[in-house]
Amino acid sequence: MPANSQAHASLTDTAPVSQSTFRDAMSSLAAAVNVVTTDGPGGRAGFTATAVCSVTDQPPTLLVCINRSASVYETFIENGLLCVNTLGDSQQDLSNLFGGKTSQQERFACGQWESGVTGAPILDKAKLALDCKITQSVSVGTHDILFCEVMDIRHQSDSDALVYFARRYHHLSGGVPVA
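Just add 1222 to the spot in the sequence shown (first one is 1) and you have the working numbering.
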């Protein structure tokens, strides 16, 4: 039997990774903090997310992960569009608000919002806003992975980034890059 086959055969004897072990490992990955928003026939909604990343630049596509049990899930699916608003270092309170158990009305009462080309709410003074249409959805475990084609981009470079790492917020300066 080839070595590769032996390695795969032994995987069946491996205990599954526990949820707590996986979550602890994921807390070691630094991630940008985003408020993901939507508006349309399903209503206006938003949530805080770090599970966002690029997929391809042809066409410009990113992915956003959303729990199917989230109160905003159906709204995002029905609207079929969203904006990823990447927060700057001064917007931690907004992250907490959109990540908490507050009403959508309370969430959007904070900050200044305008409609993007898709109709999704764009946060004024967001570090980055990626206005998207949802093109595909894939279910994995408890979440859906939303593949989103970027229709418009707004970028501000005058603020430092807000990142989440080791279960805490951190500010990341746009200083000198590591060589």
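For each residue, glycine too, the CB sits at the ideal point set by N, CA and C.
Sub-8 Å separation of residue i and residue j beta-carbons
i	j	result
Val1306	Cys1354	yes
Ala1267	Cys1287	no
Gly1321	Asp1261	no
Thr1243	Gly1265	no
Leu1345	Trp1335	yes
Which of helix, strand or coil DSSP assigns to residue i
i	result
Arg1266	coil
Arg1329	helix
Ser1359	strand
Leu1233	helix
Ala1351	strand
Asp1366	strand
Asp1374	strand
Thr1240	Just to set this straight, residue 1240 is Ser in the shown sequence, not Thr. Looking at Ser1240 - three-state DSSP - the assignment turns out to be coil, as it is neither helix nor strand.
Best match in the options for proximity to residue i [C-alpha to C-alpha]
i	options	result
Thr1308	Lys1349, Cys1332 and Ala1247	Lys1349
Ile1367	Thr1357, Arg1376 and Ile1375	Thr1357
Val1339	Ala1252, Ser1242 and Glu1371	Glu1371
Gly1310	Asp1235, Leu1384 and Leu1233	Leu1384
Leu1284	Phe1330, Ala1388 and Met1373	Met1373
Gln1378	Val1360, Leu1352, Gly1363 and Val1362	Leu1352
Counterpart residues of residue i in DSSP-defined beta bridges
i	result
Ala1383	Gly1310 and Leu1394
Proximity test, Cβ basis, 8 Å: residue i and chain D
i	result
Leu1251	The structure shown contains no chain D; it is built from a single protein chain.
Worksheet entry | beta strand (DSSP E) runs wholly inside the region 1250-1323, at least 3 long, in chain order | Fully enclosed beta strand (DSSP E) runs of 3 or longer: 1256-1260, 1267-1271, 1274-1279, 1282-1289 and 1303-1308.
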